[in-house]
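In this note's numbering, the protein residues as written are 57 to 424.
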Ligand code: SF4
């Protein structure tokens with residue numbers, strides 16, 4: 057007997073629960089996953105998305121990913137971007153180079169920079185205080201910067217606690233924190249991907265401390281590698297639990313592991329479009345307290361990005377003028393603003409530009 061047939065009663069019970077607006081357990085989500093009914097999942101996720109976001113609006117942001125350094129001493133197995141300290145291709149951008157990129161971003165209507173890099177063994181909190189202060193003194197731009205592992209790294213170099221590092225970085229101009237580096241918040245998976253990155257508590261701990269200080273952050277999940285479905289749901293449960301405690305996540309962003317040019321090449325298969333859409337819909341239904349769900353056209357391509365809007369996604373992510381981490385793994389699906397708008401319209405939605413807090417900053421106004 058197939059899993060789908062065996063679990064029909066359980067799945068019907070879960071669907072009933074969703075229709076009555078009740079929260080799903082991990083077992084409920086597992087039953088939905090194993091039933092493998094993509095159409096039903098899509099319908100349920102789309103209905104939930106419409107409850108939260110009535111109307112046909114799909115948001116996106118114009119920002120720029122500035123990878124200030126590729127030097128990193130964490131050595132994640134899935135990463136094609138980093139270079140070890142002392143490597144011939146290692147770089148650290150100067151302030152002037154970073155300023156030039158910010159000016160280009162502002163010139164095309166950008167409102168935010170996403171400043172991320174590797175964990176440079178010689179860069180502490182002081183470096184970022186100086187950089188952030190200099191940026192804020194010059195430019196009216198939102199600083200979405202430093203994933204949790206970089207904050208932990210900088211705190212260690214400076215010999216201060218994560219809380220102190222966050223307080224100082226915030227005082228220097230840090231506006232919000234990207235949720236990168238979560239991968240899968242399960243001990244076994246994180247240990248296998250990169251022992252030096254710390255367990256799930258390391259990522260959750262930084263986010264919780266940031267939320268406590270009033271910083272908003274995003275949450276991410278990178279799936280399709282070595283993890284089980286149970287571990288993916290453990291990840292989503294931890295995000296949901298923290299959101300219950302803090303309310304600090306603005307959005308959840310799912311993308312698939314890109315193994316090309318990494319130590320995992322040939323060892324894991326890229327997640328299929330079917331698997332991506334299924335997880336996206338499941339995330340919309342299970343993580344009921346994070347309002348925005350981004351689709352990942354950078355890793356999945358434009359067509360799947362469009363389709364994902366009918367599977368729970370309400371945000372097209374960012375017009376990234378630079379995306380070295382993904383580009384280094386051979387993904388070249390970056391599209392410019394006109395193309396993003398065209399894709400959103402062609403999928404039957406109304407594109408609007410937003411900021412990091414998901415406020416509409418588009419001259420066409422909020423269509424809702
Ligand atoms: S994913 Fe980030 S922390 Fe891991 S090796 Fe790459 S740059 Fe370093």
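Just so you know, even glycine gets a beta-carbon here, dropped at the ideal spot from N, CA and C.
Any heavy atom of the ligand SF4 closer than 7 Å to the Cβ of residue 195?
In the chain shown, residue 195 corresponds to position 139, counting from 1. No - the ligand SF4 has no heavy atom lying nearer than 7 Å to the Cβ of residue 195.
Per DSSP, what are the beta-bridge partners of residue 116 in this structure?
Against the chain shown, residue 116 aligns to sequence position 60. When beta bridges are read from the DSSP output, residue 116 appears opposite 409.
Helix or strand or just coil, what does DSSP make of residue 74?
On the chain shown, position 18 is the one that residue 74 refers to. Judged by DSSP in its simplified three-state form, residue 74 adopts helix.
Would you check whether the ligand SF4 has a heavy atom nearer than 7 Å to the C-beta of residue 279?
One-based indexing of the chain shown puts residue 279 at position 223. Within 7 Å of the C-beta of residue 279 there is not a single heavy atom belonging to the ligand SF4.
What residues are listed by DSSP as bridge partners for residue 172?
Counting from 1 along the chain shown, the entry for residue 172 is found at position 116. Under DSSP, residue 172 forms a beta bridge with 123.
Between which two residues does the alpha helix (DSSP H) carrying residue 267 extend?
Position 211 of the chain shown, counted from the first residue, corresponds to residue 267. First-last of the alpha helix (DSSP H) with residue 267: 256-268.
Please check the pair residue 284 and residue 233, which I expect to be a contact at CB under 8 Å, by giving their CB distance rounded to whole angstroms.
As a first step, residue 284 must be located in the chain shown, where it is residue number 228. As a first step, residue 233 must be located in the chain shown, where it is residue number 177. Not really, about 28 Å apart at Cβ, beyond 8 Å.
Please list, in chain order, all residues of the same chain as residue 413 whose beta carbon is under 6 Å from its beta carbon, the five residues on each side excluded.
Start at 1 with the first residue of the chain shown, and residue 413 comes out as number 357. Hits under 6 Å: none found.
Taking residue 345 as the reference, which of 317, 303, 252 and 352 has the closest Cα?
Reading the chain shown from its first residue, position 289 is the one you call residue 345. Out of 317, 303, 252 and 352, 303 has the C-alpha closest to the C-alpha of residue 345.
Spatial distance of residue 178 from residue 213 (CA atoms)
If you number the chain shown from 1, residue 178 lands on position 122. If you number the chain shown from 1, residue 213 lands on position 157. Near 7 Å, if we compare the C-alpha coordinates of residue 213 and residue 178.
Of the residues 370, 415 and 282, which one's Cα is nearest the Cα of residue 404?
What you label residue 404 is simply residue 348 of the chain shown in a count that begins at 1. When C-alpha distances from residue 404 are compared across 370, 415 and 282, the shortest belongs to 370.
Residue 373 by DSSP, collapsed to three states: which one?
As a first step, residue 373 is located in the chain shown; it is residue number 317 there, counting from the start. In this structure, residue 373 counts as strand in the three-state DSSP scheme.
What are the boundary residues of the beta strand (DSSP E) that includes residue 198?
Reading the chain shown from its first residue, position 142 is the one you call residue 198. Segment 198-201, the beta strand (DSSP E) holding residue 198.
If you measure between the beta carbons of residue 207 and residue 169, is that distance less than 8 Å?
On the chain shown, residue 207 is found 151 positions in, with the first residue counted as 1. On the chain shown, residue 169 is found 113 positions in, with the first residue counted as 1. No, they are not a contact pair.
If you run the structure through DSSP and keep just helix, strand and coil, what is residue 402?
Reading the chain shown from its first residue, position 346 is the one you call residue 402. In the structure shown, residue 402 sits in a helix (DSSP, three-state: H, G or I).
Given a threshold of 16 other Cβ atoms within 10 Å of its Cβ, counted over all protein chains shown, does residue 3 qualify as buried or as exposed?
The question about residue 3 has no answer here: the residues shown for the chain are numbered 57 through 424.
DSSP on residue 273, reduced to helix/strand/coil?
Stepping through the chain shown from its first residue, residue 273 is reached at position 217. Strand, per DSSP.
Please list, in chain order, all residues of the same chain as residue 145 whose beta carbon is under 8 Å from its beta carbon, the five residues on each side excluded.
Sequence index remark: in the chain shown, residue 145 carries index 89 (1-based). Closer than 8 Å at Cβ, skipping near neighbours: 126 and 139.
Check this for me: beta carbons of residue 411 and residue 167, under 8 Å apart or not?
Residue 411 sits at position 355 when you count from the first residue of the chain shown. Residue 167 sits at position 111 when you count from the first residue of the chain shown. Result yes, Cβ atoms of residue 411 and residue 167 sit closer than 8 Å.
Nearest to residue 305 by alpha carbon, out of 350, 252, 64 and 282?
Taking the first residue of the chain shown as position 1, residue 305 is located at position 249. With respect to the C-alpha of residue 305, the residue from 350, 252, 64 and 282 having the closest C-alpha is 350.
Rounded to the nearest angstrom, what separates residue 132 and residue 335 at their Cα positions?
The residue given as residue 132 occupies position 76 in the chain shown. The residue given as residue 335 occupies position 279 in the chain shown. Spanning the alpha carbons of residue 132 and residue 335 requires a straight line of approximately 23 Å.
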